[in-house]
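**Q** My questions all concern the structure below.
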Amino acid sequence: MATGRVLLYLQLLHQLTLAQADDLQPAMDRIMASGKVGSPMTSDFKKVSRSVRSADRLELWRRIQLASLHMAVNVADHVRALALLLSQPSVGVPVYAHSTAARVAIESATNVAYLLDRAESFDLRFARGVAFLISDSDQARRTAVKVPGNAYMPAPGPAATRDHEELMALIKRAKIEIIPNVKGRPKGVRVTPDTDEAPIDVKTTDLVHAQYPDMPAVYSLMSGVTHGMPHKLGDNAWFANRHAHWDTDPLDVGGSVLAAANAAHTMLAAHAWHYGLEDDPAIAATHARIARVDAAIQRFARDHVQLPRPILTGGTIV
């Protein structure tokens, strides 16, 4: 149960998280309804429509856009879930669950930013999208084949395998090159001969680190909770009289809120750019809240965390 300044701090984090969550769906509705002429999205559509095997490529492009929207909803859903977890700080805040909610949000937001990367050409973005579809479909197939059938449900493996084979056949019909590794397995995608290869096996950790260089360890810390690693879970435990106690760390909560706030803005900004609606007020609002969360964490840390005195040697701090 939080009291005093800790309670005020957690209440502020809740307010900022809730505001991020409240902005996302209305903003996405406006973005999706814009259909702005000359936007990257309309330009992409024209390029696909005029390309070779346009019908097959349009189907792949449609699936990539849908995947991006699935992940947008996932971000919004988990930012909202985090707000709910923080909604009654006077009663209690979860010890660990906030980390997992934020981790899911930042994963999906990073994937959206990777697929809708304004710094890259359409051909590379399209190749990344196709590679993403292959990776996702293969993962679905691998998962499904592990599930046995029973009297009430056929084994899902064969259907998932057919779906994966159908996707690979669609890519082949679209005249998109799948580059094999030394073992003959797909490792990359190239849409046109003169563009860069998009890798199929992309590490989420690498993408998150590249997207958020100012938060170098946040994803690994949240992953430690999600995967139940004692080295991270132990940070919230303390021991007295042979009894263990687990408490919420307010700075941990702040880190989760900061990650979720970044995820909300990243996802929204990527879609707004693609649809040509970067002047939507929610873009600036979600970005401003990131700074407010960061400032709140810094104030709380200065007031509540004792830092060691610097060691002075010959007039130099070491």
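Residue numbering for the sequence shown follows our numbering, starting at -1 and increasing by one per position. Just so you know, even glycine gets a beta-carbon here, dropped at the ideal spot from N, CA and C.
How should P87 be labelled, buried or exposed, when 16 other C-beta atoms within 10 angstroms of its C-beta is the threshold for buried?
**A** P87 is buried by the Cβ-count criterion.
**Q** Contact check, L319 vs I62 under 8 Å by CB: the rounded distance?
**A** Outside the displayed range of the chain (-1 to 316) lies residue 319, so it cannot be described from this structure.
**Q** Got a sec? Which residues, its chain only, sit under 6 Å from T224 by beta carbon, not counting five neighbours each side?
**A** Counting only Cβ-Cβ distances below 6 Å, and skipping sequence neighbours, we find T98 and R101.
**Q** Helix, strand or coil, according to DSSP, for V316 in the structure here?
**A** Annotation note: pLDDT 43 at V316 (below 50); position unreliable, coordinate value reported separately. Coil at V316, not helix or strand.
**Q** On the three-state DSSP scale, how would you describe A238?
**A** Correct three-state label for A238: strand.
**Q** Report the option in S37, L14 and T15 whose CA atom is closest to the CA atom of W271.
**A** Among S37, L14 and T15, the Cα nearest to that of W271 is on S37.
**Q** Rounded to the nearest angstrom, what separates T108 and V71 at their Cα positions?
**A** C-alpha separation (whole angstroms): 13 Å.
**Q** Ordered along the chain, which non-local residues of its own chain (more than five positions away) have a Cβ less than 8 Å from that of N179?
**A** So the list reads K185, once near-sequence residues are dropped.
**Q** Look at the alpha carbon of V231 and the alpha carbon of Y94, and state the distance between them as a whole number of angstroms.
**A** Position check: residue 231 holds Leu in this sequence, whereas Val was assumed. Taking the straight line from one Cα to the other gives about 8 Å.
**Q** To the nearest whole angstrom, what separates the beta carbons of A138 and A158, a pair I think is in contact under 8 Å?
**A** Correct: roughly 5 Å between the Cβ atoms.
**Q** Using the Cα positions of A53 and A111, report the straight-line distance between them to the nearest angstrom.
**A** Computed Cα separation, rounded: 26 Å.
**Q** Tell me, which residues are paired with P197 by DSSP?
**A** Answer by DSSP bridge pairing, in chain order: G186.
**Q** Just how far apart, CA to CA, sit L6 and T246?
**A** Approximately 15 Å between the Cα atoms of the pair.
**Q** Compute the beta-carbon to beta-carbon distance between Q16 and V255, rounded to the nearest angstrom, for a pair I have assumed lies under 8 Å.
**A** The sequence given here places Leu at residue 16; Gln does not occur at that position. 10 Å between Cβ atoms; not a contact.
**Q** Hey, H96 and V251 are a contact pair by Cβ (cut 8 Å); roughly how many whole angstroms apart?
**A** Confirmed, Cβ separation roughly 6 Å.
**Q** Near G127, what residues of its chain come up, given a Cβ to Cβ distance below 6 Å and the 5 sequence neighbours on each side ignored?
**A** Contacts found: I62 and L113.
**Q** Jot down the residue ranges of each uninterrupted alpha helix (DSSP H) in the stretch 72 to 147, minimum 4 residues, whole runs only, in chain order.
**A** For the stretch 72 to 147, whole alpha helix (DSSP H) runs of length 4 or above, ordered along the chain, are 95 to 113 and 120 to 142.
**Q** Among all the DSSP beta bridges, which residues are the ones paired with I176?
**A** Its beta-bridge partners are V187.
**Q** Measuring CA to CA, which of D277, H263 and L249 is closest to V303?
**A** The option with the nearest alpha carbon to V303 is L249.
**Q** Write down the C-beta distance between K34 and G253 rounded to the nearest angstrom, noting that I regard them as a contact closer than 8 Å.
**A** Between G253 and K34 the Cβ distance is about 36 Å, and since that is not below 8 Å, they are no contact.
**Q** Give the secondary structure of H302 by DSSP, where H, G and I count as helix, E and B as strand, and everything else as coil.
**A** Note: H302 maps to helix in three-state DSSP.
**Q** Measure the Cβ-Cβ separation of N260 and Y210 and say whether it is below 8 Å.
**A** Cβ distance < 8 Å, so N260 and Y210 count as in contact.
**Q** Please name the residue in E164, A258, A286 and V200 whose C-alpha comes closest to that of M220.
**A** Of the candidates E164, A258, A286 and V200, the one whose C-alpha sits nearest the C-alpha of M220 is A258.
**Q** So, helix, strand or coil for H243, using DSSP?
**A** In the structure shown, H243 sits in a strand (DSSP, three-state: E or B).
**Q** Where DSSP assigns a beta bridge to M151, which residues make up the other side?
**A** Its beta-bridge partners are N148.
**Q** Could you have a look at T214 and say whether DSSP puts it in helix, strand or coil?
**A** A small correction: the amino acid at residue 214 is Pro; Thr does not occupy that position in the sequence shown. Residue state, collapsed to three classes: coil.
**Q** Is it the case that the Cβ atoms of S133 and H162 are separated by a distance below 8 Å?
**A** Taking 8 Å as the Cβ cut-off, S133 and H162 do not qualify as a contacting pair.
**Q** Report the three-state DSSP secondary structure of L14 (helix, strand or coil).
**A** Helix.
**Q** At the level of alpha carbons, what is the spacing between D21 and T284?
**A** If I take the Cα positions, the gap works out to 8 Å.
**Q** Give me the Cβ distance between A235 and W244, rounded to the nearest whole Å; I'm assuming they're in contact under 8 Å.
**A** With a Cβ gap of about 5 Å, A235 and W244 count as contacting.
**Q** Closest to K173 by CA distance: which of E164, T190, K181 and R160 is it?
**A** When only C-alpha atoms are compared, the closest one is T190.
**Q** Starting from the C-beta of D212, find all residues in its chain whose C-beta is less than 7 Å away, skip the five residues before and the five after it, and write them out in chain order.
**A** Nothing listed; no residue qualifies.
**Q** With distances taken from CA atoms, which of T193, L168 and D199 is nearest R183?
**A** That would be D199, whose Cα lies nearest to the Cα of R183.
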